[in-house]
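Below is one structure, written out as structure tokens; comments come after it.
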Amino acid sequence: MGKPNFSEDFKRDAVHQIAVRGYAVREVSERLGVSTYSLYKWMKLYAKAASQASSVDHEAENRRLKRELARMTGGRDILKKAAAYFAKDAR
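Residues 452 to 542 in the numbering used here are what the sequence shown lists, from first letter to last.
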């Protein structure tokens, strides 16, 4: 019986589970039915690309969160001014 041919997507997903999601190599090996040797070999090929993709995702998430923080801070400031205005009228 020859060696099984795995698709590039399958290999990248296996490496992603290890490099990004933090699963153990042995666990992924048992779950997917692939030898640990193959996984380590795939990690050498694909881990750098997977870690770079996750760092790009982190940067995009940071930008999104900063925009949301600025929007919420502006809304809070408006509410503070409105509360001060109405508190002045209540006296």
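For glycine and all other residues, C-beta sits at the position ideal for the given N, C-alpha and C.
Keep in mind that this is a model prediction, so the values were computed, not measured.
To which residues of the same chain is residue i closer than 7 Å at the C-beta, ignoring the five residues directly before and after it?
i, result
"residue 486", "480"
"residue 497", "462, 463 and 466"
Rank the options by C-alpha distance to the C-alpha of residue i and give the top, closest one.
i, options, result
"residue 492", "509, 514, 469 and 538", "469"
"residue 455", "474, 483 and 464", "483"
"residue 494", "512, 510 and 473", "473"
Taking just the CA atoms, how far does residue j sit from residue i?
i, j, result
"residue 460", "residue 499", "15 Å"
"residue 541", "residue 530", "16 Å"
"residue 522", "residue 538", "25 Å"
"residue 519", "residue 488", "44 Å"
Within 8 Å (strictly less), CB to CB, does residue i reach chain D?
i, result
"residue 540", "Considering every chain present, this structure includes no chain D. It has just one protein chain."
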